[in-house]
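Taking this note's numbering, I'd label the letters of the sequence shown as residues 1 to 678. From the three backbone atoms N, C-alpha and C, an ideal C-beta is built for every residue, glycine too. Written below as structure tokens is the structure these notes are about.
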Amino acid sequence: MQAIGFVSLWALSSLLCGNLANPGEREDVVKHAIKLHRGKGAVVTQRKQWVLESCRKLSGLLRQKNVVLNKLKNAIRAVEKDTGLSDEEKLFQVHTFEIFQKELNESENSVFQAIHGLQRALQGDYKDVVNMKESSRQRLEALREAAIKEEMEYVELLAAEKHQVEALKNMQHQNKSLSILDEILEDVRKAADRLEEEIEEHAFDDNKSVRGVNFEAVLRVEEDEANSKRNASKREVEDDLGLSMLIDSQNNQYILTKPRDSTIPRADHHFIKDIVTIGMLSLPCGWLCTTIGLPTMFGYIICGVLLGPSGLNSIKSIVQVETLGEFGVFFTLFLVGLEFSPERLRKVWKISLQGPCYMTVLMIAFGLLWGHLLQIRPTQSVFISTCLSLSSTPLVSRFLAGSVRGDKEGDIDYSSVLLGMLVMQDVQLGLFIAVMPTLIQAGASTYSSIVKEILRILILIGQILFSLAAVFLICLVIKTYLIGPYYRKLHTESKGNKEILILGISAFIFLMLTITELLDVSMELGCFLAGALISSQGHMVTEEIMSCIEPIRDFLAIIFFASIGLHVFPTFVIYELTVLLFLTLSVVIMKFVLAVLVLSVILPKSSQYIKWIVSAGLAQVSEFSFVLGSRARRAGIISREVYLLILSVTTLSLLLAPALWRAAIMKCVPRPERRSST
């Protein structure tokens, strides 16, 4: 076995050296090595002769390489002593010689790395999967490092080629007289070269040695490759590689975010096409839902289903579409806060604080009970229960849009209670995201560390409560000293020009969400508080701002609901329809019953009748369960099957929500107050 192994090593080295023999001889070497591995063919004397010849050729190549290296060193010394060359030209020639030296050394290293790799594989146990995996990992790391080095050498050669071309141009310019225009263009070219050198970021070199950075093999797919070949030259194609799509071994797709050359404007045409397609298809889908009496938001979700992975699969920039859709949530919650004045918030703050907390605790208790009966891990039960306890703020906001919210004097407005509880759930969402790393660790912890994990969770809760106190203190300062003068300045500057008003209000929204984000509270709460602070300036201010922001909100909301449809998989729902309907109805009924029980305890007797409407508004699952579910799946808290179940139950509950809301409105709200709330 050892003799055959060493013969195979020299066969591999002969192949890698390339110049050992012509193609016919290399083919004979390969056939001979295969026969030796199978125990057939040559006699012992022939084997020894073949090994000796291979060794002699390899040693001859190594001696030739050393001779070339010595010549390169002499050439470098000669260039450095040449007084007729400028410093820049000396540096360029020396760098070119060094690149060639590096190429020779890397070629030699590749030969011996391959030999050592094959020797390690032959000495290993083919039945030991762990050893084979480790050997494969080492080879993969070596190949990645070799690819990175080769890529760097190729870039250096491109730079050398560019330098040669520029040097040739300079010689031609020196041999002929330049016009004034040529001199100006030459100065501009030099200034442009300096600009590129100044703004160029060496992100690759700066980050390749950072801890946690891994080399990955990726595929680069050219955009409209066939059309490019027909309509452009090879050089034009190479210049347009900036918007190529990269695909890694996990089938994740990447698009350019920041080009090396920032002087050339670029656009992500995939993203533009996606937004255009969503905008065009949303109209007939929303129109159809309006015709049959459903909210238009379901038409937008259907649009996302049709264009998403489960439909035509025409949306390429899914992450970018979802990111833009998040701005729809921001502006929706801002308008909710704009209609939700601080006076109304003070009236229902106790109910808004107590209700969601009681419901979440009860949902977690029921989840742990069912998890114990079904033998589900406690961390998984807690996560699923918390996900299902959240309700959709954007959906309920659309239900409440334009509805009459005034009730009898002294009574509590159902919309105020409902929105207050939903905002508190958004705060709970931020708390749960902060606690999730601890929940991940708790899943892998032993019982001896449970006390530490509980203490850690309590510390996190204390930090969140401190952050909330800081947020509301900042809001008090802004309301008392800043918001009034700020709006009056905007109103004065925006007379005859709404652009300043829209920009100023948007900047204030982004400021508030940035503050809450920095304090580890959800950005959604910051948007809601921005609207509540501006609403304190009076009804006229509210009406003016709403007329400007509503069109922006409506367009971004279309993108948001379409992005939800991208995660809906009708085939999975059809395959598991019975199970999903049972789970969805169970969740909706459980949330409705728990909300009724909690509100029966915390609502005053005079307002008990609104508990049915508020419970109907809470009896669905928030679209943020998509976000939580994806994070939990990546962290290993839940499996792929549980993740798909959460997505499907969330979608079906959102589809059932309008019917339940309409039934509650018809039962509990007097006819003059229904209006568009149905």
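Cβ shell of residue i (< 7 Å), same chain only, five flanking positions each side left out
i: Arg398; result: Pro295 and Met297
i: Gln101; result: Leu69 and Leu72
i: Gln138; result: none
i: Ser314; result: Thr277 and Leu307
i: Gly355; result: Met421, Val598, Leu599 and Ile602
Alpha-carbon spacing of residue i relative to residue j, whole angstroms
i: Leu585; j: Gly304; result: 24 Å
i: Leu219; j: Asp268; result: 19 Å
i: Arg63; j: Val321; result: 60 Å
i: Ile691; j: Asp520; result: The structure shown does not extend to residue 691, since the chain spans only 1 to 678, so no value can be given for it.
i: Ala507; j: Trp349; result: 28 Å
i: Ile400; j: Ser415; result: Note that residue 400 corresponds to Leu in the displayed sequence, not to Ile. Straight-line Cα distance between these residues: approximately 7 Å.
i: Ile589; j: Pro604; result: 24 Å
i: Gly286; j: Ile275; result: 16 Å
i: Glu151; j: Asn74; result: 27 Å
i: Glu141; j: Asn109; result: 14 Å
i: Gly531; j: Val596; result: 29 Å
i: Val329; j: Pro394; result: 7 Å
i: Ile384; j: Gly299; result: 28 Å
i: Lys57; j: Val319; result: 55 Å
i: Gln537; j: Ala635; result: 45 Å
i: Glu576; j: Leu312; result: 22 Å
i: Leu52; j: Glu145; result: 32 Å
i: Ser625; j: Ile376; result: 19 Å
i: Val417; j: Ile351; result: 7 Å
i: Glu524; j: Met424; result: 11 Å
i: Phe112; j: Gln253; result: 35 Å
i: Ala469; j: Met512; result: 15 Å
i: Glu103; j: Glu153; result: 8 Å
Own chain, CB closer than 6 Å to residue i, minus 5 neighbours either side, in chain order
i: Ala616; result: Leu660, Trp661 and Ala664
i: Gly325; result: Ile559, Phe560 and Ser563
i: Leu583; result: Val649
i: Val568; result: Val305 and Thr651
i: Glu623; result: Ser392 and Ile564
i: Ser494; result: Ile500 and Leu501
Assigned secondary structure, residue i (DSSP; H/G/I helix, E/B strand, else coil)
i: Leu698; result: Nothing can be reported for residue 698: it is not among the residues displayed for the chain, which extend from 1 to 678.
i: Gln425; result: helix
i: Gln101; result: helix
i: Gly402; result: The predicted model places Gly402 with a pLDDT of 49, which falls under 50 and marks its position as unreliable; any figure quoted below should be read in that light. Looking at Gly402 - three-state DSSP - the assignment turns out to be coil, as it is neither helix nor strand.
i: Gln537; result: coil
i: Gln253; result: strand
i: Arg377; result: coil
i: Lys229; result: Confidence at Lys229 is low in this model, with a pLDDT of 47, below 50, so the placement of that residue should be treated as unreliable; the coordinate-derived value is given next. Helix.
i: Glu623; result: coil
i: Asn109; result: helix
i: Gly311; result: coil
i: Lys162; result: helix
i: Val521; result: coil
N-terminal and C-terminal residue of the beta strand (DSSP E) that residue i is part of
i: Glu218; result: A small correction: the amino acid at residue 218 is Val; Glu does not occupy that position in the sequence shown. From DSSP, the beta strand (DSSP E) with Val218 extends over Val218 to Val221.
i: Asp82; result: Note, Asp82: premise wrong, no beta strand (DSSP E); not H, not E.
i: Leu246; result: Met245 to Asp248
Cβ-Cβ separation, residue j to residue i (assumed contact under 8 Å), whole Å
i: Leu338; j: Ser535; result: 5 Å
i: Leu307; j: Leu281; result: 6 Å
i: Leu373; j: Phe528; result: Actually they are not in contact, since the Cβ atoms of Leu373 and Phe528 sit about 38 Å apart, beyond 8 Å.
i: Ile99; j: Glu156; result: 6 Å
i: Thr360; j: Gln428; result: 6 Å
i: Leu533; j: Ile483; result: 5 Å
i: Val621; j: Leu599; result: Val621 to Leu599, Cβ: 19 Å. No contact.
i: Val573; j: Leu580; result: 6 Å
i: Ile549; j: Phe331; result: 6 Å
i: Ala707; j: Lys591; result: What is shown of the chain runs 1 to 678, which leaves residue 707 out entirely.
i: Gly504; j: Leu518; result: In fact, because the Cβ distance is near 21 Å, the residues do not count as touching under 8 Å.
Where the alpha helix (DSSP H) through residue i begins and ends
i: Val588; result: Leu577 to Ile602
i: Gly279; result: His269 to Thr291
i: Phe569; result: Here Phe569 belongs to no alpha helix (DSSP H), and DSSP marks it neither H nor E.
i: Lys479; result: Looking at the DSSP string, Lys479 is not in any alpha helix (DSSP H), and its letter there is neither H nor E.
i: Ile638; result: It is not in any alpha helix (DSSP H) - Ile638 carries neither H nor E in the DSSP assignment.
i: Gly496; result: It is not in any alpha helix (DSSP H) - Gly496 carries neither H nor E in the DSSP assignment.
i: Ser615; result: Lys611 to Leu618
i: Ala305; result: Here residue 305 is Val; the residue named in the question, Ala, does not match the sequence. Per DSSP, Val305 belongs to the alpha helix (DSSP H) from Thr296 to Leu307.
i: Gln320; result: Ile318 to Glu339
Residues near residue i in its chain [Cβ-Cβ closer than 8 Å; skip 5 each side]
i: Val382; result: Ile364, Gly367, Leu368 and Leu439
i: Thr290; result: Thr296 and Gly299
i: Val94; result: Ile76, Val79 and Glu80
i: Lys611; result: Ala595, Val596, Leu599, Ser600 and Leu603
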